[in-house]
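Student: So that we are looking at the same thing, I have put the structure below in structure tokens.
There are 2 protein chains.
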Amino acid sequence: MDNEAPPINFDDLLEQLTAAIDTSDSGKAMSALQEADVDDTAKLVDRLDADQRTKLFGLLSPEQSAEVLEHVYYFQGADIIEELKPDAAAPIVRLLDSDDRADLLNELKDSDSEAILDELDDKVAAETRRFMAYKEGTAGALMYSEFVSFKASMTVEQILNDIQSKREKYIEYGVQYAYVIGARNVLLGVLPVRNLLFALRDQTAADIMIPDPITVEADTSVLDLENLFEQYNFLGLPVVDARKRLIGIVDREASTESLQESATEDLLKLQGLMGKEELRSMPLGVRSRRRLSWLSINIVLNIISASVIAFHQDTLEAVIALAVFLPIISDMSGCSGNQAVAVSMRELSLDLINPKEFGRVFIKESTLGMINGACLGLLIGCLAWFWKGNVVLGLVVGGALALNTTIAVCVGGLVPLLLKAMKQDPALASGPILTTVTDMCGFLLILGLASLSLPYLV
Amino acid sequence: MDNEAPPINFDDLLEQLTAAIDTSDSGKAMSALQEADVDDTAKLVDRLDADQRTKLFGLLSPEQSAEVLEHVYYFQGADIIEELKPDAAAPIVRLLDSDDRADLLNELKDSDSEAILDELDDKVAAETRRFMAYKEGTAGALMYSEFVSFKASMTVEQILNDIQSKREKYIEYGVQYAYVIGARNVLLGVLPVRNLLFALRDQTAADIMIPDPITVEADTSVLDLENLFEQYNFLGLPVVDARKRLIGIVDREASTESLQESATEDLLKLQGLMGKEELRSMPLGVRSRRRLSWLSINIVLNIISASVIAFHQDTLEAVIALAVFLPIISDMSGCSGNQAVAVSMRELSLDLINPKEFGRVFIKESTLGMINGACLGLLIGCLAWFWKGNVVLGLVVGGALALNTTIAVCVGGLVPLLLKAMKQDPALASGPILTTVTDMCGFLLILGLASLSLPYLV
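Keeping their order, the protein sequence lines are chains A and B. When you read off a place in the first sequence, starting at 1, and then add 22, the result is the number in our numbering. When you read off a place in the second sequence, starting at 1, and then add 22, the result is the number in our numbering.
Structural data, given as structure tokens:
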């Protein structure tokens with residue numbers, strides 16, 4: 023990176039910031055935050071404890087606080103706002119862009135966001151509520167209302183004068199497109215600002231606009247947005263309501279970022295982290311409770327599947343060697359099934375498969391499951407045979423793993439589709455469902471096969 | 023979505039496309055592909071088998087093929103190109119943008135990409151090789167060389183004439199910035215095209231440019247790029263070499279997309295899918311082999327940890343109830359550890375933690391591990407106690423789970439940092455390492471504690 027002052031040591035900055043908080047020196051605190059590289063600002067805020075953070079944002083003006091919020095991750099911003107009193111939070115929230123404001127309030131508990139909305143002007147509060155209501159992953163949730171529009175009858179001369187008079191704002195906002203509207207805010211066309219270069223001064227907005235532009239509606243999905251952006255190479259798309267009135271603009275950047283966030287969320291959920299982002303700077307109690315809430319569901323499912331073993335204790339007592347293979351069956355089937363879960367989630371997120379295409383997935387996964395099951399079963403079967411010198415033990419163990427791998431791969435492939443078709447979140451529930459089903463089947467198979475062939479095993 | 027023709031049924035389109043391929047009718051094939059919605063193009067190509075795909079791209083002209091490639095996912099494009107002969111692939115690859123061309127060739131096997139590079143003109147091949155050499159996740163790997171530059175001495179008049187004469191190209195490329203260069207291509211400034219609106223015709227590029235612009239180097243990381251884009255609200259950043267010569271431009275869009283791809287890759291790797299993207303349209307043999315390669319490492323690790331059980335068969339034989347708890351210990355410790363893996367991977371990807379901060383992670387995770395371990399251990403310990411009416415069994419089982427959860431959470435938190443510090447990929451190896459360590463420790467703990475307290479258990 024270029025044009026940088028010599029980098030300041032992170033630890034020194036942190037010390038400067040905490041000292042400034044201790045001595046209530048808002049100027050020194052703000053300068054520590056501003057001296058940091060952009061990514062270090064997030065890290066600085068991360069390393070303060072909750073008390074220090076609350077005190078810091080008590081010292082800063084709303085404008086300064088909003089500036090800091092723009093430089094930290096959105097989930098850090100939500101934590102900060104949640105820690106403040108509503109009357110302290112509202113003036114900061116007021117200064118954010120309409121889309122950021124709605125995103126941030128949606129991250130808070132309902133009671134907290136309501137309390138902040140009550141402190142805002144009626145007009146801002148109403149707009150924010152409308153934005154908050156759009157479903158995640160749609161154009162409505164990503165759009166912002168800070169756009170530039172001109173009446174169709176305005177001349178290029180008038181538009182240029184308008185731009186000249188507001189050039190500071192235009193340059194700061196990085197305006198690329200203006201929107202041409204008719205009566206009752208109906209969208210008529212899009213006007214790329216740079217097209218003004220090629221226009222005559224007495225032409226009107228209607229003359230030089232791109233008429234009948236591609237538009238989206240508030241419920242258009244992010245995936246459809248990405249496809250449109252890719253096809254047409256636009257930077258932004260106008261969002262209209264059922265009467266074709268312009269209600270907002272959605273940026274390509276916001277749409278791609280939203281896809282990134284949902285990939286990250288899926289990763290966290292698949293690994294057993296529910297709800298909001300977890301950072302190690304959060305209070306221990308909060309982190310522990312959130313992780314436990316998922317673990318406690320899992321342990322109940324685990325006990326249910328392990329009860330299959332309890333019912334077959336006699337078999338196990340007769341052939342104790344089977345106990346060695348129970349965790350292997352459980353682990354390996356889980357791994358094989360998780361691979362299929364990942365492929366299904368990927369195909370769903372790329373829209374390459376319809377949640378109803380159970381047949382296709384079943385055929386593709388059952389054949390693959392049989393091949394991989396046969397390979398793994400053969401390996402583990404031979405191992406069991408040679409270890410105890412008993413070919414029937416090999417057949418029982420290998421057969422159980424082969425069959426259960428096939429089941430696990432099919433279940434893993436189908437569960438995300440099923441959850442999606444039922445409008446549930448595949449990332450959160452696929453893992454526990456898969457594990458429970460495959461553990462139960464696996465234990466039943468190995469112990470059931472063993473009790474059927476018990477005379478040959480002992 | 024607006025301005026759409028009535029949607030054509032996907033199955034009809036697929037039928038039309040396969041019929042066109044069977045009858046070698048390139049016109050009909052292309053029209054089927056063009057009639058599809060953008061996202062359906064990818065799905066159409068996905069549903070063809072390898073033979074049909076090869077035949078299709080044999081029918082289409084290089085221009086038509088390149089158009090189709092732009093509308094499918096990049097990993098589909100790589101599969102298509104890999105299936106073609108180098109002399110058929112090269113004219114298509116030639117038509118792609120410099121960054122897309124390098125990305126696509128990097129997805130291929132080395133021998134395949136070399137064969138295609140040999141078919142390209144020397145100049146294009148040399149540029150492509152240079153682009154291919156940049157490390158993934160850096161500005162070099164994301165930049166493109168199709169930018170507009172003007173000499174510093176050119177007047178606004180001359181620049182406007184140049185733009186007017188090439189307006190078609192400028193509008194198609196969606197050019198927002200031009201770059202002002204001095205002797206030996208040294209970058210002097212950036213010229214937002216729309217700034218020409220506010221300029222006098224006899225000013226020079228040097229007069230109206232933004233001098234000393236923010237630049238990045240080819241090895242600047244995506245995370246640093248994102249931070250700069252966020253801080254300055256730029257759409258693109260110039261990439262310069264050590265002598266400040268302009269070598270390419272990196273877009274905000276490309277940078278965000280790259281972050282999204284790496285989040286997705288991490289998800290796939292954590293779920294046990296190595297290497298390239300897997301789609302169900304790929305040949306069964308390829309899918310099966312790829313999944314098996316990861317499973318076969320895992321099964322060996324599984325056997326190693328299960329051997330701990332084999333060495334304690336006597337204890338197990340004496341207290342058969344323990345066998346019920348072995349898979350529970352293994353599963354629950356794995357779950358707890360995976361949560362910590364996810365938090366570490368997230369903090370690493372957000373740059374909120376340095377891979378060397380083992381102490382911080384250890385303190386944060388060990389305290390959390392003790393709390394959650396105590397909760398889970400208490401639950402499972404009581405269950406064991408009440409089931410068999412033996413308090414010592416409860417202490418053994420509960421104690422083992424409590425201790426092993428603490429270990430698993432610490433290991434899960436630390437392994438991604440350790441792998442990152444060793445320049446290894448945390449997503450691929452964290453899971454298997456975690457499972458092996460926690461299974462071995464868990465089995466040792468429960469069976470070890472049980473053999474120590476054997477007199478009280480039987």
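Glycine included, C-beta positions come from ideal geometry on N, C-alpha and C.
Suppose the cutoff is 6 Å on Cβ atoms and the five residues either side in sequence are ignored; what does the same chain contact list for residue 435 of chain B look like?
Tutor: Residue numbering aside, residue 435 of chain B sits at position 413 when the second sequence is read from its first letter. Counting only Cβ-Cβ distances below 6 Å, and skipping sequence neighbours, we find 362, 366, 383 and 387.
Student: Quick one, which residues of the region 351–363 of chain A are near chain B if we go by CB-CB under 7 Å, in chain order?
Tutor: From the region 351–363 of chain A, only 352, 353, 354, 357, 358, 360, 361 and 363 have a Cβ closer than 7 Å to chain B.
Student: Chain B partners of residue 131 of chain A, CB-CB under 8 Å?
Tutor: Position 109 of the first sequence, counting from 1, holds the residue named residue 131 of chain A. Within 8 Å Cβ-Cβ: nothing; residue 131 of chain A doesn't reach chain B, min ~22 Å.
Student: On the three-pair Cβ rule with 8 Å, is the region 326–338 of chain A touching the region 346–360 of chain B?
Tutor: Yes, since at least three Cβ pairs between the region 326–338 of chain A and the region 346–360 of chain B fall closer than 8 Å, the two stretches touch.
Student: Using CA coordinates, which residue listed in B:391, B:445, B:242 and B:134 is at the minimum distance from residue 424 of chain B?
Tutor: Here residue 424 of chain B refers to the residue found at position 402 of the second sequence. Per the Cα distances, B:391.
Student: Hey, is the region 166–174 of chain B in contact with the region 198–217 of chain B, meaning 3+ C-beta pairs nearer than 8 Å?
Tutor: Yes: at least three Cβ pairs fall under 8 Å.
Student: Determine which residues of the region 293–308 of chain B have a Cβ less than 9 Å from any Cβ of chain A, and write them out in chain order.
Tutor: Listed in sequence order: 293, 294, 295, 299, 300, 301, 302, 303, 306 and 307.
Student: Drop a sphere of 10 angstroms on the beta-carbon of residue 468 of chain B, count the other beta-carbons inside from all chains shown, and report buried for 16 or more, exposed for fewer.
Tutor: Translated into the one-based positions of the second sequence, residue 468 of chain B becomes position 446. So residue 468 of chain B counts as buried.
Student: Does chain B have any CB closer than 7 Å to the CB of residue 389 of chain A?
Tutor: The sequence position of residue 389 of chain A within the first sequence is 367, counting from 1. By this cut-off, residue 389 of chain A is an interface position.
Student: Taking the straight line between their C-alpha atoms, what separation do you get for residue 23 of chain A and residue 232 of chain B?
Tutor: Numbered from 1 along the first sequence, position 1 holds the residue referred to as residue 23 of chain A. Numbered from 1 along the second sequence, position 210 holds the residue referred to as residue 232 of chain B. Note that residue 23 of chain A scores a pLDDT of 44, beneath 50, so its modelled location is shaky; the value from the coordinates is reported in the next line. Their Cα atoms are separated by approximately 17 Å.
Student: What do you reckon, are the CB atoms on residue 124 of chain B and residue 150 of chain B nearer than 7 Å?
Tutor: Taking the second sequence and counting its residues from 1, the one referred to as residue 124 of chain B is at position 102. Taking the second sequence and counting its residues from 1, the one referred to as residue 150 of chain B is at position 128. In this structure, residue 150 of chain B lies closer than 7 Å to residue 124 of chain B by Cβ.
Student: Along the chain, where does the beta strand (DSSP E) that runs through residue 210 of chain A open and close?
Tutor: As a working note, residue 210 of chain A is residue 188 in the first sequence. Here the beta strand (DSSP E) through residue 210 of chain A covers 209–214.
Student: For residue 25 of chain B and chain A, any beta-carbon pair shorter than 7 Å?
Tutor: Along the second sequence, read from residue 1 onward, the residue named residue 25 of chain B stands at position 3. Its pLDDT being 46, under 50, residue 25 of chain B is placed unreliably in this model, and the coordinates cannot settle the point.
Student: Can you tell me whether residue 445 of chain A is buried or exposed, with buried defined as 16 or more other CB within 10 angstroms of its CB?
Tutor: Residue 445 of chain A sits at position 423 when you count from the first residue of the first sequence. By the 10 Å Cβ count, residue 445 of chain A comes out exposed.
Student: If the criterion is Cβ atoms closer than 7 Å, does the pair residue 276 of chain B and residue 401 of chain B meet it?
Tutor: Reading the second sequence from its first residue, position 254 is the one you call residue 276 of chain B. Reading the second sequence from its first residue, position 379 is the one you call residue 401 of chain B. It is not a contact, given that the beta carbons lie outside the stated cut-off.
Student: Cα separation between residue 103 of chain A and residue 111 of chain A?
Tutor: For this step, residue 103 of chain A is matched to residue 81 along the first sequence. For this step, residue 111 of chain A is matched to residue 89 along the first sequence. Cα-Cα distance, rounded: 6 Å.
Student: Is residue 197 of chain A near residue 212 of chain A, with beta carbons less than 7 Å apart?
Tutor: Numbered from 1 along the first sequence, position 175 holds the residue referred to as residue 197 of chain A. Numbered from 1 along the first sequence, position 190 holds the residue referred to as residue 212 of chain A. No.
Student: Determine the burial state of residue 273 of chain A: buried for a count of at least 16 other Cβ atoms within 10 Å of its Cβ, exposed for fewer.
Tutor: Looking up residue 273 of chain A in the first sequence gives position 251. Result: buried.
Student: Cα separation between residue 158 of chain B and residue 268 of chain A?
Tutor: Your numbering for residue 158 of chain B matches position 136 in the second sequence. Your numbering for residue 268 of chain A matches position 246 in the first sequence. Between residue 158 of chain B and residue 268 of chain A, the C-alpha separation is close to 40 Å.
Student: Run through chain B and tell me which residues come within less than 7 Å of residue 397 of chain A, C-beta to C-beta.
Tutor: Here residue 397 of chain A corresponds to residue number 375 of the first sequence, with the count starting at 1. Per Cβ cutoff of 7 Å: 314.
Student: Give me the Cα-Cα distance between residue 261 of chain B and residue 218 of chain A, rounded to the nearest whole angstrom.
Tutor: Along the second sequence, one-based indexing puts residue 261 of chain B at 239. Along the first sequence, one-based indexing puts residue 218 of chain A at 196. The alpha-carbon atoms of residue 261 of chain B and residue 218 of chain A are separated by roughly 29 Å.
Student: Please check if any C-beta of chain B sits within less than 7 Å of the C-beta of residue 30 of chain A.
Tutor: Counting from one through the first sequence, the residue named residue 30 of chain A turns up at place 8. No, because no Cβ of chain B sits closer than 7 Å to the Cβ of residue 30 of chain A.
Student: Mind pulling the chain A residues with CB within less than 9 Å of residue 167 of chain B?
Tutor: What you label residue 167 of chain B is simply residue 145 of the second sequence in a count that begins at 1. Simply none; closest approach about 18 Å.
Student: Strictly by DSSP, which residues pair up with residue 270 of chain A?
Tutor: Walking along the first sequence from the start, residue 270 of chain A turns up at place 248. Residue 270 of chain A is bridged to A:261.
Student: Is the Cβ of residue 278 of chain A closer than 7 Å to any Cβ of chain B?
Tutor: The residue labelled residue 278 of chain A in the question sits at position 256 within the first sequence. By this cut-off, residue 278 of chain A is an interface position.
Student: Can you pull the chain B residues whose beta carbon is under 8 Å from the beta carbon of residue 331 of chain A, in chain order?
Tutor: In the first sequence, counting from the first residue as 1, residue 331 of chain A sits at position 309. Ordered by position in chain B, the residues that pass the 8 Å Cβ test against residue 331 of chain A are 345, 346 and 349.
Student: Use the C-beta contact count for residue 199 of chain A: other C-beta atoms within 10 angstroms, 16 or more gives buried, fewer gives exposed.
Tutor: The residue labelled residue 199 of chain A in the question sits at position 177 within the first sequence. So residue 199 of chain A ends up on the buried side.
Student: Would you kindly check if the distance between the Cβ of residue 429 of chain A and the Cβ of residue 404 of chain A is under 7 Å?
Tutor: Translated into positions along the first sequence, residue 404 of chain A becomes position 382. Translated into positions along the first sequence, residue 429 of chain A becomes position 407. No, the pair does not count as a contact, with Cβ atoms beyond the cut-off.
Student: Taking the alpha carbon of residue 67 of chain B as the point to measure from, which residue in B:45, B:38 and B:134 has its own alpha carbon closest?
Tutor: Residue mapping note: residue 67 of chain B aligns to position 45 of the second sequence, counting from 1. The candidate whose alpha carbon is nearest that of residue 67 of chain B is B:38.
Student: What residues are listed by DSSP as bridge partners for residue 173 of chain A?
Tutor: Taking the first sequence and counting its residues from 1, the one referred to as residue 173 of chain A is at position 151. Residue 173 of chain A is bridged to A:203.
Student: Report the neighbours of residue 401 of chain A on chain B: residues whose CB is nearer than 7 Å to its CB, in chain order.
Tutor: The residue labelled residue 401 of chain A in the question sits at position 379 within the first sequence. Ordered by position in chain B, the residues that pass the 7 Å Cβ test against residue 401 of chain A are 321.
Student: Just verifying my parser: in three-state terms, what is the DSSP assignment at residue 243 of chain B?
Tutor: Numbered from its first residue, the second sequence carries residue 243 of chain B at position 221. Residue 243 of chain B falls in the strand class under three-state DSSP.
Student: Which residues, in chain order, does the region 196–217 of chain B contribute to contact with chain A at a C-beta distance below 9 Å?
Tutor: Flagged, chain order: 196, 197, 198, 214, 215, 216 and 217.
Student: In chain order, what residues of the same chain lie with their CB nearer than 7 Å to the CB of residue 100 of chain B, ignoring the 5 residues before and after it?
Tutor: For this step, residue 100 of chain B is matched to residue 78 along the second sequence. Counting only Cβ-Cβ distances below 7 Å, and skipping sequence neighbours, we find 126, 129 and 130.
Student: So residue 51 of chain A packs on residue 58 of chain A, CB below 8 Å; how close in whole Å?
Tutor: By one-based count along the first sequence, residue 51 of chain A stands at place 29. By one-based count along the first sequence, residue 58 of chain A stands at place 36. At roughly 12 Å, the Cβ-Cβ gap does not stay under 8 Å, so residue 51 of chain A and residue 58 of chain A are not in contact.
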